[in-house]
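In full-length UniProt numbering, the protein residues as written are 1 to 392.
By construction, the Cβ of each residue, glycine as well, lies at the ideal position given by its N, Cα and C atoms.
Right, one structure below, let's go through it.
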Amino acid sequence: MPSGLNLSQYHMGPHVNHNCNAHSKFFVINSENNTLKNTSPILIHKSIVASVGETKSVKKLINGSLLIEVINSKQAENIQKLNKIGNIEVTVTPHRTLNYSKGVISESEFQRDLEEDLLDCLKDQKVISVRRITIKKNGQNFPTKHLILTFNTPVLPKSVKIAYINCNVKHYIPNPLRCFKCQRFGHTLTACRSKQSCARCSLPDHDSNNCSSTTPKCYNCTGEHPAYFKSCPRYKHEKEIQTVKITKNISFPEARKIVNDRNPQPGLSYSAALKPTPMSDKKANPPAENDSIVVKKSDWLALLAIKKSWEENSSNSQNLNNQTVSSVVQPTVANPTVRNIEPPTNTCIANASDLTLTNSDTPLSNSSSSPVKKLLNKAVKTKNKRKSQMNG
């Protein structure tokens, strides 16, 4: 990070003015000694509603401060006049980053233009800072065609116009902050209170320039690579948190919670993780004609008894009924997926052709009644009908 710039200026740009503007939507309410941390949410809500009305959201931050998102410019004006919540004196300030957005444009036509000239062309499009991305080769910085634009609005525009050229704007996702002293993520060297750790071997009390180790070891993931390795799992994890924070315009703690709760698979990119699971276009395969049917054991025994009774009666009723009761007639099942499963007392009919029906042209309907019970009822009716014909 360049000297003379604080962390906020480093991210947003040195020319950013963090005072309230007409597009500010996020405000932070602070109190002395973090008194708000133990204040009743009911009292806080009543005080805010009495001052500005219902806001879009109110969130309590880890340090006890309140993050308020207002709905319109009128609420933004009124929330800054709030000086007390109950008997607690408070101060209201615009959030240092959430009221802004950063995007990248890549246009080779402007590679030779100065940042000040570009900013002058973009100042009427809510742009408040322009910074060119440079790359270092052989100790020298070389300018690229990529420009980082800072807007004084939380909503990133899709495009900007410089002179007569329209430029598409993409989200700017900064690299995760890694301390060059302790090698941990989330802070810089100037804010570090930890001891020196080597970026190459992770051992204490020396830096990577004076490291004599031949085996690298990452301080953050203990992998066999230095702490500055871009494919480090911890680096990718922090990069994903940055991506969620920028694209959803939320705070770091909220973004970290989202990523940790999602618990993505190793190697799964953020864009892939955000994609909804596609519905399968494959249709269910229709059941085969010899699909097995699972029935209760008691029903199975009853069917065997009826089948045996039919076989005994068929020899005595040939003069009344010329239709031979064959040993194989398969009932038609309207919906084979309706099964009466009751393990472990069930018996599986591997082939439904072991059963016999004379009136097999009547399909079984998909109703609340069991198909087996319907089959039994029909068999009983047929048997009774034949008995009446024989007796008649």
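| Asked | Found |
| --- | --- |
| Assigned secondary structure, arginine 386 (DSSP; H/G/I helix, E/B strand, else coil) | helix |
| CB contact flag (isoleucine 44, valine 58, <9 angstroms) | yes |
| Buried or exposed (CB count within 10 angstroms, at least 16 for buried), leucine 149 | buried |
| Every unbroken beta strand (DSSP E) within the stretch 19-89, with a cutoff of 3 residues, ordered by chain | 26-31, 57-60 and 66-69 |
| Identity of the residue in Asp120, Asn168, Tyr100 and Ser129 nearest serine 108 by Cα | Asn168 |
| Buried or exposed (CB count within 10 angstroms, at least 16 for buried), phenylalanine 27 | buried |
| Spatial distance of glutamate 386 from lysine 308 (CA atoms) | For clarity, residue 386 is arginine in the given sequence; the question names glutamate instead. Taking the straight line from one Cα to the other gives about 15 angstroms. |
| Range of the contiguous beta strand (DSSP E) that encloses asparagine 168 | 165-168 |
| Opening and closing residue of the alpha helix (DSSP H) in which valine 244 lies | 233-248 |
| Terminal residues of the beta strand (DSSP E) in which arginine 131 lies | 127-137 |
| N- and C-terminal bounds of the beta strand (DSSP E) containing lysine 145 | 140-151 |
| Whole-angstrom distance between arginine 193 and isoleucine 105, CA atom to CA atom | 37 angstroms |
| Counterpart residues of serine 159 in DSSP-defined beta bridges | Asn168 |
| Counterpart residues of threonine 93 in DSSP-defined beta bridges | Val28 |
| Buried or exposed by the 16-neighbour rule on C-beta atoms within 10 Å, applied to leucine 114 | exposed |
| Coarse secondary structure for proline 253, derived from DSSP in three states | helix |
| When Val52, Ser213, Leu36 and Lys378 are compared against tryptophan 310, the one with the closest alpha-carbon | Lys378 |
| Opposing strand residues paired with proline 204 [DSSP bridges] | Ser197 |
| Segment contact, 8 angstroms Cβ cut-off, at least three pairs: the stretch 196-205 with the stretch 224-239 | yes |
| Alpha-carbon spacing of histidine 23 relative to threonine 93, whole angstroms | 14 angstroms |
| Serine 101 classed as buried or exposed, judged by whether at least 16 other C-beta atoms fall within 10 angstroms | buried |
| Neighbour-count burial assignment, threonine 134, 16 or more Cβ in a 10 Å radius | exposed |
| Contact between the stretch 47-62 and the stretch 176-185 (3+ Cβ pairs under 8 angstroms) | no |
| Residue(s) in a DSSP beta bridge with arginine 178 | Phe185 |
| Burial state of asparagine 335, where buried means 16 or more other Cβ atoms lie within 10 Å | Interpretation of asparagine 335 is limited by its pLDDT of 46, a score under 50 that renders its predicted location unreliable; the figure taken from the coordinates is listed afterwards. Under this definition asparagine 335 is an exposed residue. |
| Nearest-angstrom Cα separation, counted from asparagine 38 out to glutamine 183 | 35 angstroms |
| Beta-carbon proximity of glycine 186 to glutamate 240, cut-off 9 angstroms | no |
| Where valine 329 sits in the DSSP three-state scheme | Residue confidence for valine 329 is low, a pLDDT of 44 falling below 50, so the modelled location carries little weight and cannot support an answer. |
| Collapsed DSSP secondary structure at threonine 358 in the structure displayed | For threonine 358, the predicted structure reports a pLDDT of 41, less than 50, and the residue's modelled location is therefore unreliable. The matter cannot be settled from this model. |
| 7 angstroms CB neighbourhood of arginine 165 in its chain, flanking five on each side removed | Strictly speaking, residue 165 in this sequence is isoleucine, with arginine absent from that position. Only Glu107 and Glu109 meet the Cβ criterion. |
| Assumed close pair glutamine 242, isoleucine 162 - CB separation to whole angstroms, cut-off 8 angstroms | The Cβ separation is near 27 angstroms, so there is no contact. |
| Rounded C-alpha distance that separates serine 231 from threonine 91 | 43 angstroms |
| According to DSSP, residues forming a beta bridge with valine 259 | Looking at the DSSP assignment, valine 259 forms no beta bridge with any residue, so it has no partner. |
| Continuous beta strand (DSSP E) stretch holding lysine 102: start and end | 101-106 |
| Threonine 97 burial status per 10 Å Cβ neighbour count (16 or more: buried) | buried |
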